[in-house]
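One structure below.
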Amino acid sequence: MGFSEHAGAKFCVERIILDELKLEEVAQRQTEIHGPSIKQKICDSIRCSVGQWKIWILTWIPVLSWIPWYSVQENGLGDLVSGVSVGIMHLPQGMAYALLASVPPVFGLYTSFYPVLVYFIFGTSKHVSIGTFSVISIMIGSVSERLAPEDHFLTNGTNGSVVMDTEARDVQRVKVAAATTLLCGIFQVLLGLVRFGFVVTYLSEPLVRGYTTGAATHVIISQLKYMLGVSPRRFTGPLQLLYTLVELGSLLAQTHIPTLVISLVALTALVIVKEINSCYRHKLLLPVPIELMLIIAGTLVSHYTDLKAVNGVDVVGKIPSGLVPPRVPEVGFFSSVVGDAFAVAVVGYAISISLGKTFALKYGYKVDSNQELLALGFSNVTGGFFQCYSVTSSLSRSLVQESTGGKTQVAGVISAVIVLITVLKLGSLFEELPTAVLSTIVFVNLKGMFMQCQDIPALWKSNRVDLLVWLVTFLCTVLLNLDLGLAASIIFTLLTVIFRTQRPSYSLLGRVPDTELYLETESYKEAKAIPGITIFRSSAMLYYANAELYQEALLEKCGINVPELKKRKEEGKGKKRQQKEKDKQTGVLRVLANRLLVSMKNVSESVHRQRTDHEHIINDNGIATVNMNRGFQPEQDSEEEERDNTETHSSSCDSVQEHTHSIILDFTPVSFIDTVTLKTLKNIFQNFAEVDVTVYIAGCQVCVVQQLERGGFFSESVSKGRLFPSLHDAVLHCLCLRDLSCSEFALEMPCVTRF
């Protein structure tokens, strides 16, 4: 019986010792669990009923599940203010990040409009802001520049000069970006359909943060040429970032001074105002829209001073008004961008779902990981047809949407309306905006990415393996391309998991007095080892990669040299066989000697009537043995010698058995058994049985027991009686077998047990 009254409550249990056989009988284990057949599952999935259609539609189109109950009174004002604020941020970020994607700025505005509307319909997060993002933009830009390099668009101008056809270059890069976005969306939709949302679990937080920091480094380097007004050569492949830095260093003498001045002024204004926004964010109703103000100011100054014509400052250029009609992207690029598209799909989803789950946890609602994958996929597929590039959630815009009172996805629709108004009516006003201003906006907005470097000291204190993952991911991303860096980082992260499972910590367990708890003897002073019983535990999963290490650690921890004992046992058996052969030969000689003595006795009876020095002894076999003055007793001496040899061998094994007679393997961390592990377990049981040490298993899950059954582990020598549901049951069983149930140790056991 049990009771619980307060934090110091106690419990008492009285039951029999349970092994696997008794447990199956007491708990009534079901040998076969009949689930629905494949045919039944198919029939259920295609069954058309009104209820199932409703569930299916609401699951796939989440907006229908909440928009009918949308409360304008509760959420309207917050969503309006938030939508306007985020929409204002979309304008500068959309145009600035378009430069990262190597497409004209207006396509960044398109990207901030169409995908946002699609996510409103299919998305489940209430606070994330979908649209352009620096890391994704630079990944798209690397593909666009690789497949449409500037060298392919150089033409001969007047006076033998070389002129670049920027219009043809931009058209080609837009086609590449749209094709990559469409393929990225297809990947995300397919992964969502097969319920592959769990793939993000393989992207650990240190990996994502190290990767985004490394990608931000690529972004910074790529924007330096706009801020300095120089034109470095383009490099591809590994170490391209280092080559670009060297090239920029060699071009410092050619820095365009007016462009540098614009960059420094814009940079100073951005840093100061953003610090003010950060320090007084709790007092300001809305953050000061410094990016928008800077764009307006830069456009006005450039227009009235004619910076392009007079000082040669690069400007945004023509921005067409209105929306472009949808067109099918060129699928011919698919074979060239398939790897990049998959990398963009995974990274974009990882960033979006991590932000979505963060806000969902904070505000207590659920974000469906698979539906988010579908929502992003549909957004990118739609964007691909409208010449957008790939989208994901933005950290800065999402924080603004949340901090300004945004409650639902309606805020995203309002922000899209702001972008639409700009594209239709205001886009042409920004044609004379210096590109250096946009680059400065990108530069400053990456501050949050580089603040992630603060993870390094924190991870040094908490988890150095995660620190290694962070650093390796960052270095791989910086030194390699973004796609190769991501692949290398994922492989390294998985290798750290494998290495940690291959090198787990092995420990011996002891019992804490007055409890049924068994803890590591090295970590807990009060955990006392049980005499004669070794309890062994591994901190990691047992499978083929560490099965051999598990066996070696068991031999080392238990202190039983099984090979040496087996060798001694074999030597003892050999000596015994030799002794038997020797005894057999001695027996023949003894028989002959007895016969000779009997003959001599018969002859000497007539001469000597008195026996003085002879004594007839009839043994159990009817053979007479004569004990003379010298004490001739070959049979007795042989028996004593054999007994001495046997006792000598027994003592060598008994000394070990007195120390350890039972080994209990704690299998609570084990969730499955493969064939290599199965063979290893058989070897462990067999080897220790040969030295008279019994091995038991405790804490087996039912799935592990089933796998042991299917693998033919159990036999006449190893029955299910070797398996126990808990360590305490196994220990009590071992003590009972050694007649220690009434010993002082057994009486200290907290469970009152009936035998």
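Just add 245 to the spot in the sequence shown (first one is 1) and you have my numbering.
Beta carbons: idealized from backbone N, C-alpha and C, even for Gly.
Owing to the predicted nature of the structure, the values given are computational and were not obtained by experimental measurement.
Proximity winner among Tyr788, Thr304, Glu954 and Val710, relative to Glu617 (alpha-carbon distances) = Considering only alpha carbons, the answer is Thr304.
Rounded to whole angstroms, what's the CA-CA distance from Tyr763 to Thr779? Just pull it up for me.
-> The alpha-carbon atoms of Tyr763 and Thr779 are separated by roughly 11 Å.
Endpoints, the alpha helix (DSSP H) within which Met384 is located | Its alpha helix (DSSP H) spans residues Ser379 to Leu392.
Where does Val963 sit, in a helix, a strand or coil, going by DSSP?
-> Residue state, collapsed to three classes: coil.
Span separating the alpha-carbon of Lys773 from that of Leu740 = Computed Cα separation, rounded: 36 Å.
Can you grab the Cα-Cα spacing for the pair Ser964 / Leu926, in whole Å?
-> Here the alpha carbon of Ser964 sits roughly 13 Å from the alpha carbon of Leu926.
What runs of the alpha helix (DSSP H), each 4 residues or longer, lie entirely inside the stretch 770-797?
-> Entirely contained in the stretch 770-797, not one alpha helix (DSSP H) run reaches 4 residues.
What number of angstroms, rounded off, separates the C-alpha of Glu265 from the C-alpha of Thr369?
-> Within the model, the alpha-carbon separation for Glu265 versus Thr369 is close to 46 Å.
Any idea what DSSP makes of Pro350, helix, strand or coil?
-> Helix.
Along the chain, which unbroken stretches of the beta strand (DSSP E) at least 3 residues long are found entirely within the stretch 923-963?
-> Correct list: 939-943.
Is Ser476 helix, strand or coil when you go by DSSP?
-> In the structure shown, Ser476 sits in coil (DSSP, three-state: anything other than H, G, I, E or B).
May I ask you to report which of helix, strand or coil DSSP gives Glu259?
-> If DSSP states are grouped into helix, strand and coil, Glu259 belongs with the strands.
Identify every residue that forms a DSSP beta bridge with Arg756.
-> Answer by DSSP bridge pairing, in chain order: Tyr763 and Lys773.
Backbone secondary structure at Asp889 - three-state DSSP | Note that Asp889 scores 48 on pLDDT, short of 50, meaning its location in the model is unreliable and no value can be drawn from it.
What distance in whole Å lies between the Cβ atoms of Gln946 and Ser916, which are believed to be in contact at a cut-off of 8 Å?
-> Between Gln946 and Ser916 the Cβ distance is about 7 Å, and since that is below 8 Å, they are a contact.
Going along the chain, which unbroken runs of the alpha helix (DSSP H) with 4 or more residues stay wholly within the stretch 529-564?
-> DSSP assignment within the stretch 529-564 yields the following whole alpha helix (DSSP H) runs of 4 residues or more, N-terminal first: 535-550 and 552-556.
Boundaries of the alpha helix (DSSP H) in which Ile736 is found, first to last residue | Annotation: the continuous alpha helix (DSSP H) that includes Ile736 extends over Leu727 to Gln747.
Between Gly593 and Ile381, which are expected to be in contact by the criterion C-beta below 8 Å, what is the C-beta distance as a whole number of angstroms?
-> With 8 Å as the limit, Gly593 and Ile381 qualify as a contact, their Cβ atoms being about 5 Å apart.
State buried or exposed for Ser635, treating a residue as buried only when at least 16 other CB atoms are found within 10 Å of its CB.
-> The residue in question, Ser635, is buried, as its Cβ has 16 or more Cβ neighbours within 10 Å.
Give the C-beta separation of Cys633 and Phe352 to the nearest angstrom, bearing in mind that I take them to be a contact with Cβ-Cβ under 8 Å.
-> So it is a contact: roughly 7 Å between Cβ atoms.
Spatial distance of Asp899 from Pro808 (CA atoms) | Confidence in Asp899 is poor, its pLDDT being 41 and thus under 50, which makes the residue's placement unreliable; the coordinate value appears in the next sentence. Rounded to whole angstroms, Asp899 to Pro808 spans 16 Å at the Cα level.
In terms of residue numbering, what span does the alpha helix (DSSP H) encompassing Val668 cover?
-> Careful: Val668 lies outside any alpha helix (DSSP H) and carries neither H nor E.
Where does Ser907 fall in DSSP's three states?
-> In this structure, Ser907 counts as strand in the three-state DSSP scheme.
Distance, Cα to Cα, Glu771 vs Pro758?
-> So the two alpha carbons sit approximately 7 Å from each other.
If we ignore side chains and look at the alpha-carbon of each, how far apart do Val662 and Arg748 end up?
-> One C-alpha to the other measures close to 56 Å.
Using beta-carbon positions only, say whether Ser379 and Arg418 come within less than 9 Å of one another.
-> Against a cut-off of 9 Å, the Cβ pair of Arg418 and Ser379 comes out as no contact.
Quick one: what's Pro679 bridged to in DSSP?
-> DSSP lists Val560 as partners of Pro679.
Whose C-alpha, out of Ser660, Glu676, Ser734 and Pro350, is nearest the C-alpha of Gly328?
-> Taking each of Ser660, Glu676, Ser734 and Pro350 in turn and checking the Cα distance to Gly328, the smallest one comes out for Ser660.
In terms of alpha-carbon separation, which member of Val407, Met384 and Ile385 lies closest to Glu395?
-> Of Val407, Met384 and Ile385, the residue nearest in Cα terms is Val407.
Going by CA-CA distance only, name the one from Gly442, Gly386, Val558 and Leu505 that's closest to Arg479.
-> Comparing Cα positions, the closest option is Gly386.
Supposed contact pair Gly629 and Thr504 - C-beta distance, whole angstroms, cut 8 Å = The beta-carbon distance between Thr504 and Gly629, rounded to whole angstroms, is 34 Å. This is too long to meet the 8 Å contact definition.
Beta-carbon separation of Pro360 and Thr627 under 9 Å?
-> The Cβ atoms of Pro360 and Thr627 lie closer than 9 Å to each other.
Could you say which of His973, Glu761, Leu712 and Tyr769 lies nearest to Ser752 if we only look at CA atoms?
-> Looking at the Cα atoms, Tyr769 is the closest of the given residues.
Can you check DSSP and say which residues form a bridge with Gly376?
-> Partner(s): Thr637.
Those runs of the alpha helix (DSSP H) which lie wholly inside the stretch 428-509 and span at least 4 residues | The DSSP assignment places 450-473 and 485-495 as complete runs of the alpha helix (DSSP H) inside the stretch 428-509, in order along the chain (cut-off: 4 residues).
Below 8 Å, can you find three or more Cβ-Cβ pairs linking the stretch 603-611 to the stretch 440-454?
-> Judged by Cβ distances under 8 Å, the stretch 603-611 makes no contact with the stretch 440-454, as fewer than three pairs qualify.
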